[in-house]
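**Student:** My questions will all concern the structure given below.
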Amino acid sequence: MITIKNLHASIEGKAILKGLNLTVNAGEVHAIMGPNGAGKSTLASILAGREEYEITAGEIDFDGKDLLDLSVEERAREGLFLAFQYPVEIPGVSNVNFLRTAINEIREHKGETAMSAKEFMALVRDKSALVELDSKLASRSVNEGFSGGEKKRNEIFQMAMLNPKLAILDETDSGLDIDALRIVANGVNELKTDQNATIIITHYQRLLDYIIPDFVHVLYDGRIVKTAGKELALELEEKGYDWIKENKVN
Amino acid sequence: MANYTEDELAEELKNQEYKFGFVSDIDTDTIPIGLNEDIVRLISSKKEEPQWLLDYRLNALELWSTMNEPSWAHVKYKKPDFQAIAYYSAPKQTKKYESWDDVDPEMKATMTKLGISMEEQQRLTGVAVDFVMDSVSVATSFKEKLGELGIIFCSFSEAVQNHPDLVQKYMGTVVPTQDNFYATLNAAVFTDGSFCYIPKGVRCPMELSTYFRINAGGTGQFERTLVIADEGSYVSYLEGCTAPQRDENQLHAAVVELIALENAEIKYSTVQNWYPGDKNGLGGIFNFVTKRGVCEKNAKISWTQVETGSAVTWKYPSCILKGDNSVGEFYSVAVTNNYQQADTGTKMIHLGKNTKSTIISKGISAGKSQNSYRGLVQIQKNAHNARNFSQCDSLLMSSECGAHTFPYIECKNSSAKIEHEATTSKIGEDQLFYCKQRGISEEKAIGLIVNGYCKEVLNQLPMEFAVEAQKLLTISLEGSVG
Amino acid sequence: MGTSTKATLQSFRSNLSAAKLALPSVLTAKNEGDLSVMEFPTSKHEAWKYTRLNRVAKIELESNVASPINWEDFNMVKDAYTFVFQNTTCIYISSDLPEGISIKIGNEIGSADWLSSINESHVAKLNVAHAQNGCVINIAKGVQVDKPIQIIYITDGPKQPNFWRNQLQLDAGAKAEVHIGYFSKDAIDAYSNVHWSVFLKENSHLIMTKIQNDGEANFHFSTENIHQLKDSNFTLNTMTLNGAFVRNDLLVKVEGENCETHLNGAYVMKGNQHVDNHTTIDHIFPNCNSYELYKGVMGDKSTAVFNGKVFVRPDAQKINAFQSNANVLLSDDATINSKPELEIYADDVKCSHGSTTGQLDLEAVFYLRSRGISEIDARSMVVAAFMHDVLSKVASNDIKSYIYQQLAVRFNLHLQRED
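Shown next as structure tokens:
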């Protein structure tokens, strides 16, 4: 699905990623954990195509395509989805209009015809139920006046609507209460198939109680310093990140 | 319904090909250029006007000759040569239209190109349309049906002939002859326009609509619109404007007067898409328009405008809130691109007690254009408990454009409450990125965001007119998904 | 006496003495020629739309011979480096000036001491033509002045004309606090015209507070031309407490990156007072912030004008400019004309302005009365609450106390101190 090799990236001359390697295959769930400032959100931003980061070395293969060669919207149309840590408000633009535009642009990219309004509305009903999103929210302006939890659920709703190959969840658990966390996780689990993959970026272990990862990676100082199975998350929760840092120094 | 996307706006904002830039091949009767007493007399005689109207015009001409063109607006342009304009141009027509079928096929084609095929409009929407090409009104539909309710909707010339008492009583009462340079010019040389009277207690069952079209070269358009809503009546009035693509600047100096008597309500909507000139600022319409309404007790006037056209716009649809409890509203979207310049806004004059006004203005500047909001909120001494809320936002789309806000707030009554807010900012980078991450192209993302930004104003347009606005801005999905 | 407007500016000037300060030719060269064809502006001039000068134009000014006074009667600050002008004479100079501050007064100032700072208004041109006295202050590089500098101007005697011209320069990294007070004594129909050119070099920091407390029958015109270079931080508090007619023209040119500009203004008015605040912040360079807050309370037949303009020049990207004007009318004979303006020629900016006008919060007055507070006290408390945020921008406790004391005397306004 995605192969990241020796990725180096910096912002305003400051190196953030320093040779990151990661391979994610279809059907897998990967969790990337790490202390603040390790470069977790930078990785998400770079994969989505934020322009303020400078890629100084490395390559990313996304399903046979050079990801770094693609524009932000081409990546999205190829099936890369980022659930934002801070979803953006767009006043006056309704969620449905926003999503219908997105879906039809993606379909057009794939050479498919536009989705009919009826089909689309049926899909909205179906998918909003998945994340227990009030259907009224679907007709409200994108994220405007949404609570923190609603914004995060809206991200998963959009993910369900757009049905991406690779979903990157950037700190989706931050600011969620336990019920919202369960709903969000449930949505992600429901959407999981052997054709798609998920990267969960998180600081805490708790989301991983609900979404069981196949691999847990520890990102520290711009590199993945440890990779193991789901049990690593529990170990991190118990011991914190300091022992990783110490190990690394040694 | 058609698959309406945001393409049009993106086009509009990038490299717009003006869609209405065609010239219709219609024989016109155009009088010699220049402005003097003889020309005014000629216009008046061509229109077979009564003496009082000729006197009115001649008085205006005399006043105008002593006036100077205003220079306070934030616009720069080469002053028109008023002696180089032909003040009257009419599609050549030997007899008046008896019915829609009599209308010149070429003219019908023109209307179709404008997207306002009358048959279709009549059949589908029941909008009554008055069509003003160059200087004269060429067709008015639905007259009979309206007639049954006592509603008069006709060209201004017809009103002068058939309802001189009403015209004489109200014309010039809201925009006096000497009001300003362009209004005075209009009073001297106006050629046609629309007239509308809604009798007491009548709620006009359909939208009344006028399309203005400048077709002939070297001409100016000086139309006059007079809408009178008698006590307790209601009317929604729509106005659309287009003009051919020409390298010269053409002058449009119109006057619109609205009179809302006690308990009456007038909703006046405009989609202004005069030719804006080309990418290099060549050509385009000078749109210098005076629009004003007066509200008697408990009356309401609501102006909604979507302005995308004209090389230079100078326009302030205003409300005089004369009667107690009267309400004035102004909702505006003004888009400027390339070298367009717009100086537009409103005046809300509060005279009566408990009068209320709302101003929502959205300016969008792109290219090298200059877009200014200029508004006045005036609370007079006796306007107890007057209320005003104004929100003026500007969106900047390029580093070479300008967005300016010049609100004047004058208050002489301590019980008034006035709130004015304005913001100016760039289109949100984070919003663009968010849209793009969902697979939406930059152009469409801009269209979406701009559309959302203007929503408060677009929502004010009557449904029938929203289609016109869609051509210029964009429409959102839920507006049409039932 | 001339009746036409054209004659009026000239006849007004016929009673005035020529400038006594030695000014550079860059200021004087065109000045007389310009003035000779100028008129008092009328309401047709946008900058004077709401301010009529007829009353000013009619005064036949005459210089008075002032008798000695005790300047300390006008003192605002306990411990400061103080300079006092009584009409055109400097009557007091602090003798304990520290290293790093240089002050020249009157004929000590050479024409070369004046930096170029041009202002095209008739007020500024009159000042050039008739400047009688003033000071030029330089704060040396990196000097942080340990005490505030206080400059007091007293207009003494009826129909007294006073033209003061001043300049303040902060060299790189300098830091200072300057308090300026305008007062009058035995004056009626007096006219004062004061000009300040202020230069802030790189990374300098200046707080200026202006107390305008002229007598209620006097006319006061104040022009400030501010030039900010990069990384500088400038605050000007304009506190208008009295005066029949006060006009403030404030032009801040932000001529470097990373500057901060704060303009605060308060006007509390009664009787027939007329106060007109015109401010312009001209953002010429990118990456700057400006904040403007003006608040006023107008009673009786008073009139206030606020015209605040924010300019963002082409290429001056990343500007944040916020402006707010709030007014309370206490009487139906009072008037406010507010005109906040934005003129933006760059796109990556965040600018906003707000203007509100309303009456006193009557709910709050009622609430206080229901707790046994008299109506007069309740109203003054609510006015005080309204003015509190702008008055709290004044950093100096001495000045704050002075303002509160003046408001208590003149308006029976008792403000709560929070510090």
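Protein sequences appear in the order of chains A, B and C. The first sequence begins at 1 in this note's numbering and counts up by one. The second sequence begins at 251 in this note's numbering and counts up by one. The third sequence begins at 733 in this note's numbering and counts up by one. Ideal Cβ positions, reconstructed from N, Cα and C, are used throughout, including at glycine.
Just list the residues that DSSP pairs C:His1120 with in beta bridges.
**Tutor:** Partner(s): none; C:His1120 has no beta bridge.
**Student:** Give the DSSP-derived three-state secondary structure of B:Glu319 in the structure shown.
**Tutor:** B:Glu319: coil per DSSP, three-state reduction.
**Student:** One question on the structure: do B:Gly617 and B:Asn587 come within less than 7 Å of each other, judged by their Cβ atoms?
**Tutor:** Yes; because the gap between Cβ atoms is below 7 Å, this pair is in contact.
**Student:** Starting from C:Val1141, follow the alpha helix (DSSP H) in both directions and report where the run begins and ends.
**Tutor:** Looking at the DSSP string, the run of the alpha helix (DSSP H) that includes C:Val1141 is 1129-1143.
**Student:** Are B:Arg474 and B:Phe406 close, meaning C-beta to C-beta below 7 Å?
**Tutor:** Closer than 7 Å, so yes.
**Student:** Under three-state DSSP, which class holds B:Val521?
**Tutor:** Here B:Val521 sits in strand by DSSP.
**Student:** Please name the residue or residues paired with B:Trp564 in a DSSP beta bridge.
**Tutor:** Answer is B:Phe538, B:Asp593, bridged to B:Trp564.
**Student:** Quick one, which of B:Val562, B:Gly595, B:Lys606 has its alpha-carbon nearest B:Gly578's?
**Tutor:** It is B:Lys606.
**Student:** Whole angstroms is fine: what's the gap from B:Lys581's alpha carbon to B:Glu706's?
**Tutor:** The residue asked about is misnamed: residue 581 of chain B is Tyr in this sequence, not Lys. The alpha-carbon atoms of B:Tyr581 and B:Glu706 are separated by roughly 8 Å.
**Student:** If you draw a straight line from the alpha carbon of C:His937 to that of C:Phe966, how long is it in whole angstroms?
**Tutor:** Each residue's alpha carbon lies about 6 Å from the other.
**Student:** Alpha carbon to alpha carbon, how far is B:Gly559 from B:Gly595?
**Tutor:** Distance between the alpha carbons of B:Gly559 and B:Gly595: 15 Å.
**Student:** Output, in chain order, the set of chain B residues within a Cβ distance shorter than 8 Å of C:Val1081.
**Tutor:** Per Cβ cutoff of 8 Å: Leu646, Thr674, Ser675, Lys676.
**Student:** Out of B:Leu292, B:Ser444, B:Glu512, B:Gly284, point me to the one whose CA is closest to B:Met421's CA.
**Tutor:** Among B:Leu292, B:Ser444, B:Glu512, B:Gly284, the Cα nearest to that of B:Met421 belongs to B:Ser444.
**Student:** I think C:Val1042 touches C:Ala1053, with their Cβ atoms under 8 Å apart; what is that distance to the nearest whole Å?
**Tutor:** About 5 Å; that satisfies the 8 Å criterion.
**Student:** Which residues in chain C sit within 9 Å of B:Asn588, going by Cβ to Cβ distance?
**Tutor:** In chain order: nothing, as chain C lies at least about 16 Å away.
**Student:** Given a cut-off of 7 Å, decide if B:Leu313 and B:Thr434 are closer than it, judged by their beta-carbon atoms.
**Tutor:** Taking 7 Å as the Cβ cut-off, B:Thr434 and B:Leu313 qualify as a contacting pair.
**Student:** Applying the criterion that 16 or more other CB atoms from any shown protein chain within 10 Å of the CB defines a buried residue, is B:Lys326 buried or exposed?
**Tutor:** With fewer than 16 other Cβ atoms within 10 Å, it is exposed.
**Student:** According to the neighbour-count rule (16 or more other Cβ atoms, all chains shown, within 10 Å of its Cβ), is C:Phe895 buried or exposed?
**Tutor:** By the neighbour-count rule (16 or more Cβ atoms within 10 Å), C:Phe895 is buried.
**Student:** Is B:Glu669 helix, strand or coil when you go by DSSP?
**Tutor:** Three-state result, B:Glu669: strand.
**Student:** Given 8 Å as the limit, is there contact between the region 6-24 of chain A and the region 52-60 of chain A, that is, 3 or more CB pairs closer than that?
**Tutor:** These segments touch.
**Student:** Use the C-beta contact count for B:Glu457: other C-beta atoms within 10 angstroms, 16 or more gives buried, fewer gives exposed.
**Tutor:** It counts as buried.
**Student:** In terms of residue numbering, what span does the beta strand (DSSP E) encompassing C:Ile1068 cover?
**Tutor:** Run containing C:Ile1068: 1067-1076, per the beta strand (DSSP E) assignment.
**Student:** In whole angstroms, what separates the C-alpha of C:Ser827 from that of C:Ser834?
**Tutor:** Roughly 12 Å between the two C-alpha positions.
**Student:** Within the same chain, show all residues whose beta-carbon is closer than 6 Å to that of A:Leu67, passing over the 5 residues directly before and after it, in chain order.
**Tutor:** Closer than 6 Å at Cβ, skipping near neighbours: Ile60.
**Student:** What does B:Gly543 pair with, by DSSP beta-bridge criteria?
**Tutor:** B:Leu508, B:Cys569, per the DSSP bridge assignment.
**Student:** Report the rounded CA-to-CA distance for A:Gly158 versus A:Val24, giving the unit in angstroms.
**Tutor:** Looking at the sequence shown, residue 158 of chain A is not Gly but Gln. Cα to Cα, A:Gln158 sits roughly 22 Å from A:Val24.
**Student:** Drop a sphere of 10 angstroms on the beta-carbon of B:Gln371, count the other beta-carbons inside from all chains shown, and report buried for 16 or more, exposed for fewer.
**Tutor:** With a pLDDT of only 44 at B:Gln371, under 50, the local geometry of the prediction cannot be trusted, and no value is derived from it.
**Student:** At 4 residues or longer, what runs of the alpha helix (DSSP H) sit wholly inside the region 96-159 of chain A?
**Tutor:** Within the region 96-159 of chain A, the complete alpha helix (DSSP H) runs of at least 4 residues are 117-130, 135-139.
**Student:** Against chain B, with Cβ distances strictly below 7 Å, would C:Ser1084 count as a contact?
**Tutor:** Yes, C:Ser1084 lies at the interface with chain B (some Cβ there is under 7 Å from its Cβ).
**Student:** If the cut is a Cβ gap below 8 Å, which residues of chain C does B:Gly652 touch?
**Tutor:** Within chain C, the residues near B:Gly652 are Glu1075, Ile1076, Tyr1077.
**Student:** Per DSSP, C:Met940 is paired with what?
**Tutor:** C:Val910, C:Leu968.
**Student:** Please list the terminal residues of the continuous alpha helix (DSSP H) segment that includes C:Leu785.
**Tutor:** Unbroken run through C:Leu785: none, as it is neither H nor E.
**Student:** Looking at chain B, which residues of the region 153-170 of chain A have a Cβ within less than 8 Å of any of its Cβ atoms?
**Tutor:** Listed by position, the residues of the region 153-170 of chain A near chain B (Cβ gap below 8 Å) are Gln158, Leu162.
**Student:** Expressed to the nearest angstrom, what Euclidean distance is found between the alpha-carbon atoms of C:Tyr1179 and C:Leu829?
**Tutor:** Here chain C comprises residues numbered 733 to 1151, so residue 1179 of chain C is not present and cannot be evaluated.
**Student:** Out of B:Val505, B:Gln710, B:Leu511, which one is the CA nearest neighbour of B:Asn740?
**Tutor:** What is shown of chain B runs 251 to 732, which leaves residue 740 of chain B out entirely.
**Student:** Thinking just about the alpha-carbon of each residue, which of C:Tyr824, C:Phe931, C:Pro1072 is nearest to the one in C:Asp963?
**Tutor:** Per the Cα distances, C:Phe931.
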